[in-house]
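What follows is a short report on a single structure.
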Amino acid sequence: MKKILLVVLAVFAASSFAQMKLDVYKKINGEIDERRPLGYLMSSDAIKELPIPKDRIEHESFVDVQEKVRGKNGKYQTVTKKQRVVTYEEVEPKAPPRYVPVNCKFGDVWVKRSELDRFMQEYADLSGEYVSETGRVVLKSSPSNANRFNIIVQNGKDDNVAEIEMGNLEKKNVNGHARFVYKEDGCAVGVDVFNRVVRVAQRGCEDYNVGGYTLAGNYPTFKGNNRIVETFNLDSYSFSYPKYLWCASGFDTCEPLKDEHGIVHITWSKDGHGTIERKAGSTVHTYRAMERVIPHKRDFYNGEKPIAIKTKRTDMSGEWMNWYFYPRAGRFKMMRSGQRHDAAYMEIYEPVKEDD
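Here the sequence shown is numbered in the numbering used here, starting from 428 and rising by one per residue.
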């Protein structure tokens, strides 16, 4: 069977990828020259806010000091003198300072307070792509809960990619680190984010390892929030099925069925760009490829990892289906998107066995 290629093109749009810049300054003789910034930081750079220096107020007072002095008669006598005493008190600034200190790759420097507030809002958002030489981790926060994230881990090259998608993970803060934990049977994945570096650890998860690549590793380069446009360059294959499994709500409800219009013909990537066609007699359903889906271990079939695509049925609004293609087995699974796998509507197409 020819090699099946799935090409994902990342298109960096200015509106989605542009990272905010923050100018930094060095004090020279206690002064800052706005015209000569030392450099700038991006939201991908590590930064730490430092305590704002307090104002120093001088207080002057006089105290009585007794001294012994020799008089004209040669005898010592005690006299009282006034002595000036200066003390200093540190107080909070009366007005918010224009510049505040931070620590970053330039050392201890100064930034405009108004710009730092906006910069830190973007910096605090962990969402985005973190990459290594061979892989990437994508974090996407939930629009309804800032402490819940969907996380994708992919590591490998060409067709050998270890990958997993983990949904609705809770962020926990531990000693300044953001940590996430995912567990399923035989697999546990931990994700740690600190200073724009992601570290992934795994226990088990052998089914997700491919060609010597694992999920675990360091992903040290933050690329920001990229808008990704996916294109599907897929070889076309056709299969015929005299019957299939129809599942109203999960595997427990599956029953064999013959289409009333005759043999079902399924063409994978009919146009070479991911479109899936299901045809029985003169009845045709067309599903347009929308985005790639990363299959879980539960989606594997006899050890074969499927190619999975989220599709939209072209003749029905709101009909979204995930298609799973198993080239080696000549098998398809269609499952309604957004439903739990144990309760989802499904259709399963498998080659007819000799004793069927």
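Where is the CB? At the ideal position from N, CA and C, for every residue including glycine.
In the same chain as ASP686, and ignoring 5 residues on each side of it, the C-beta atoms closer than 7 Å to its own belong to ALA707, in chain order. Per DSSP, reduced to three states, the secondary structure at GLN766 is coil, with no helix or strand assignment. For GLU718, the uninterrupted beta strand (DSSP E) run begins and ends at 710-720, by DSSP.
With fewer than 16 neighbouring CB atoms inside 10 Å of its own CB, MET743 falls in the exposed class. Annotated as proximal: VAL627 and TYR646, with beta-carbon spacing under 8 Å. When C-alpha distances from THR710 are compared across HIS688, GLY699, PRO722, the shortest belongs to HIS688. One Cα belongs to ILE734, the other to GLN766, and the distance between them is close to 19 Å. Note on the region 533-602: whole beta strand (DSSP E) runs with a minimum of 3 residues are 534-539, 555-558, 562-568, 575-584, 587-597, 599-601, in chain order.
DSSP, reduced to helix, strand and coil, places ASP612 outside both helices and strands of the structure shown, so it counts as coil. Sequence-distant partners of GLY617 (beyond 5 residues in either direction) whose C-beta falls short of 6 Å from its own C-beta, in its chain, are VAL608, ALA628. Using a 10 angstroms sphere on the CB of ILE455, the tally of other CB atoms stays under 16, which defines it as exposed.
At a cut-off of 4 residues, the continuous stretches assigned as alpha helix (DSSP H) that sit fully inside the region 436-509 are 441-444. Per DSSP, the unbroken beta strand (DSSP E) holding GLU774 starts and ends at 773-776. Shown here, GLU519 sits in coil according to DSSP, grouped into three states, outside any helix or strand. By the C-beta density criterion, TYR640 is buried, having at least 16 other C-beta atoms within 10 angstroms. Put simply, of VAL625, ASN652, ALA716, THR658 the residue whose alpha carbon is nearest the alpha carbon of ALA643 is VAL625. In this structure TYR452 is in contact with VAL536, their Cβ atoms being roughly 6 Å apart against a cut-off of 8 Å.
Cβ neighbours of THR680 within its own chain (closer than 7 Å, five residues either side excluded): CYS674. Taking a contact to require three or more Cβ pairs closer than 8 Å, the region 543-553 and the region 470-479 qualify as touching. Here GLU461 has TYR452 as same chain residues with Cβ atoms under 8 Å from its own Cβ, once five neighbours each way along the sequence are excluded. A residue is called buried when at least 16 other Cβ atoms come within 10 angstroms of its Cβ; THR702 meets this threshold and is buried. The beta-bridge partner set that DSSP reports for THR648 consists of VAL558.
Residue range 734-740 is occupied by the beta strand (DSSP E) that includes THR738.
Cα atoms of LEU672 and ARG758: separation of roughly 12 Å, rounded to the nearest angstrom.
Judged by their CB atoms, LYS508 and GLU494 are nearer to each other than the 8 Å cut-off. Only buried fits TYR550, as 16 or more other CB atoms lie within 10 angstroms of its CB. By the neighbour-count definition (other C-beta atoms within 10 Å, threshold 16), PRO570 is an exposed residue.
Taken through DSSP and simplified to helix, strand or coil, GLU633 comes out as helix.
When the alpha-carbon of ASN577 is set against those of ARG606, SER559, LYS584, VAL588, the nearest one is in ARG606. According to DSSP, SER696 shares a beta bridge with no other residue.
Leaving aside the five residues that flank TYR503 on each side, the residues in its chain whose CB is nearer than 8 Å to its CB run, in chain order, LYS495, VAL496, ARG497. Nearest C-alpha to PRO722 among LYS760, GLU487, HIS692: LYS760. The three-state secondary structure of ASP686, taken from DSSP, is coil. For GLU718, the closest alpha carbon among the candidates VAL538, TYR751, SER559 is that of TYR751. Note on geometry: alpha-carbon atoms of ASP586 and GLY534 lie some 43 Å from one another. Sequence-distant partners of LYS724 (beyond 5 residues in either direction) whose C-beta falls short of 6 Å from its own C-beta, in its chain, are ASP634.
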